[in-house]
Amino acid sequence: MLKNICLWALLSLLACSENKTSTDNLPNILFLFTDDQTFNSIHALGNQEIHTPNLDRLAAAGTSFTHAY
Numbered sequence: 100m101l102k103n104i105c106l107w108a109l110l111s112l113l114a115c116s117e118n119k120t121s122t123d124n125l126p127n128i129l130f131l132f133t134d135d136q137t138f139n140s141i142h143a144l145g146n147q148e149i150h151t152p153n154l155d156r157l158a159a160a161g162t163s164f165t166h167a168y
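Our numbering numbers the first residue of the sequence shown as 100 and each following residue consecutively.
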């Protein structure tokens with residue numbers, strides 16, 4: 100009985116590992132959602148009064164959607 104349980108457990112683990120998709124082909128996408136963030140409250144997008152160094156660095160290295168609603 101124990102041999103059968105171990106065999107089924109091993110077979111199910113092997114079946115699960117074969118169904119995983121490769122992460123090498125997936126794009127790296129990061130969505131940041133902020134609360135009460137307006138379109139002009141990031142320094143890199145033109146606001147000279149607010150300093151947002153981390154968001155500025157992300158905007159410089161990535162993509163900013165300036166006309167999204």
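From the three backbone atoms N, C-alpha and C, an ideal C-beta is built for every residue, glycine too.
Q) Any idea what DSSP makes of Ala167, helix, strand or coil? A) Counting from one through the sequence shown, the residue named residue 167 turns up at place 68. DSSP places Ala167 in coil when its eight states are reduced to three.
Q: Just the C-alpha distance for Leu129 and Ala158, rounded to the nearest angstrom, thanks.
A: Position 30 of the sequence shown, counted from the start, is the residue given in the question as residue 129. Position 59 of the sequence shown, counted from the start, is the residue given in the question as residue 158. The C-alpha of Leu129 lies about 12 Å from the C-alpha of Ala158.
Q.
Measuring alpha carbon to alpha carbon, tell me which residue in Leu125, Ile149, His142, Pro152 is nearest Thr165.
A. Residue mapping note: residue 165 aligns to position 66 of the sequence shown, counting from 1. That would be His142, whose Cα lies nearest to the Cα of Thr165.
Q | Given Thr162 as reference, the closest of Leu131, Asp123, Asn124, Leu125 once Cα atoms are compared | A | Position 63 of the sequence shown, counting from 1, holds the residue named residue 162. Proximity to Thr162 across Leu131, Asp123, Asn124, Leu125 peaks at Leu131, based on C-alpha coordinates.
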